[in-house]
Amino acid sequence: MSFSHEVKETISGIISPTKGERKKELQAFYYLVGSEEREGLIVFATENILVAKKIIILLHEFYKGKYSFKVQYRGRFRKVFYIVNLYTSETSFFELKKIKKKKEKSAFLRSTFLARGSITDPKKGYHLELRCPSFTAYIFLGDLLSSFGVEAKGITRKNVFFLYLKDAEMISDFLKIIGAYHFMFLFEETRVIKEMKNMANRRNNCDLANLDKTIKAANKQVKIIKSIGIGNLPVNSREVAALRLEHPELSLAELGELCSPPMKRAAVNYRLKKIESLKR
């Protein structure tokens, strides 16, 4: 089961506590998977059984006894579609107006994700998108998200409008908005673990780069010391030079600790730079 399906399965079981919220859920389904086929008939068509079940539950409350359900196989590959027919001439129920209440906005977005949304497993990447059946829905949903501080980007694929999020924090906020709290925490946990691993990798890469730099500098110093000869070096630089020949793998700070008396890194560096200058 995909991460996206798991989220949908969870939110499909959420029962909105107020009639206003449930109305917004049904309105969202109408604009995303519904159409008025002819006067007196509204058809909801979806490939997702979770969506069909949710629509039937909502219709049972608002249009009891005025709906039917069937399964259709469409297209060359006989795709399964779940069809819910609503028999009513009263369409004012579905008139889309500006939603003012925050919880009703959340309910509308929850149905939107259930019907037309998808999310990538955070272990693989950060991407959430909503497929909009019309430009009107695209604008309406974009404004709805903006009211929560979630700024989605838009794209068109084959004349279909999509809103998408790639920012991990905004995806997490969206999951919270639609009531998918378990997945919000799971998403955050995965994000933190990934960031910690990336930080550790960057640190390791940095350490390797510094080690490589140290080895190259040490090899250069060894060649210079051998070409000049320790006996030809200033007396105060001979100990450092001898230690460098003996320990080409050590850092300047580690060489300083072996000196008698111990020297600071800056003092070791000064003496080695002095030796390098003799070769010029």
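Position one of the sequence shown corresponds to residue 779 (my numbering), numbered consecutively onward.
Ideal Cβ positions, reconstructed from N, Cα and C, are used throughout, including at glycine.
*In terms of residues, what are the limits of the alpha helix (DSSP H) holding residue 1018?*
Per DSSP, residue 1018 belongs to the alpha helix (DSSP H) from 1013-1024.
*Would you say residue 1071 and residue 946 are within 8 angstroms of each other, going by their C-beta atoms?*
Only positions 779 to 1058 of the chain appear in this structure, which leaves residue 1071 out of reach.
*Give the DSSP bridge partners of residue 956, in chain order.*
The beta-bridge partner set that DSSP reports for residue 956 is empty.
*Do residue 806 and residue 859 come within 8 angstroms of each other at the CB atom, strictly closer than that value?*
The criterion of a C-beta distance shorter than 8 angstroms is not satisfied by residue 859 and residue 806.
*If we count the other Cβ atoms within 10 Å of its Cβ and call it buried at 16 or more, is residue 793 buried or exposed?*
With fewer than 16 other beta carbons inside 10 angstroms of its own, residue 793 counts as exposed.
*Under 8 angstroms by Cβ, that's how I've got residue 961 and residue 788 pegged, so tell me the actual separation to the nearest angstrom.*
Right, the Cβ-Cβ distance comes to about 7 angstroms (below 8 angstroms), so this counts as a contact.
*Whose CA, out of 901, 841, 937, lies closest to the CA of residue 911?*
The shortest Cα separation from residue 911 among 901, 841, 937 belongs to 937.
*Rounded to whole angstroms, how far is the Cβ of residue 785 from the Cβ of residue 897, which I believe are closer than 8 angstroms?*
Between residue 897 and residue 785 the Cβ distance is about 6 angstroms, and since that is below 8 angstroms, they are a contact.
*Is residue 868 helix, strand or coil when you go by DSSP?*
Of the three classes helix, strand and coil, the one that applies to residue 868 here is coil, per DSSP.
*Comparing alpha-carbon positions, which option in 1019, 890, 903 lies nearest residue 808?*
Nearest C-alpha to residue 808: 890.
*Figure out for me which residue from 826, 780, 958 has the closest Cα to the Cα of residue 857.*
Checked all of 826, 780, 958; the closest Cα to residue 857 is 826.
*Excluding sequence positions up to five away, which residues of its chain have a Cβ less than 6 angstroms from the Cβ of residue 899?*
For residue 899, where only same-chain residues beyond five positions count, the Cβ hits under 6 angstroms are 781.
*What residue range is occupied by the uninterrupted alpha helix (DSSP H) comprising residue 883?*
Element bounds for residue 883: 880-894.
_Rounded straight-line distance, which links the Cα of residue 935 to that of residue 909_ = One alpha carbon belongs to residue 909, the other to residue 935, and they sit about 10 angstroms apart.
*Alpha carbon to alpha carbon, how far is residue 875 from residue 915?*
Between the C-alpha atoms of residue 875 and residue 915 there is a straight-line separation of about 12 angstroms.
*What residue range is occupied by the uninterrupted alpha helix (DSSP H) comprising residue 1049?*
For residue 1049, the enclosing alpha helix (DSSP H) covers residues 1043-1057.
_the segment 1017-1026 touching the segment 1043-1055, judged by at least three CB pairs closer than 8 angstroms_ = Between the segment 1017-1026 and the segment 1043-1055 there are three or more inter-stretch CB-CB distances shorter than 8 angstroms, so the stretches are counted as touching.
*Taking only the alpha-carbon atoms, compute the straight-line gap between residue 835 and residue 801 and give it to the nearest angstrom.*
Approximately 12 angstroms between the Cα atoms of the pair.
*asked:* Could you check whether residue 864 and residue 881 sit closer than 8 angstroms to each other, using their CB atoms as the reference points?
replied: No, these two residues do not count as a Cβ contact at 8 angstroms.
*Which residues mark the beginning and the end of the beta strand (DSSP E) in which residue 1035 is found?*
That residue, residue 1035, is in no beta strand (DSSP E); its alpha helix (DSSP H) goes 1030-1036.
*From which residue to which residue does the beta strand (DSSP E) around residue 849 run?*
Counting along the chain, the unbroken beta strand (DSSP E) around residue 849 starts and ends at 845-852.
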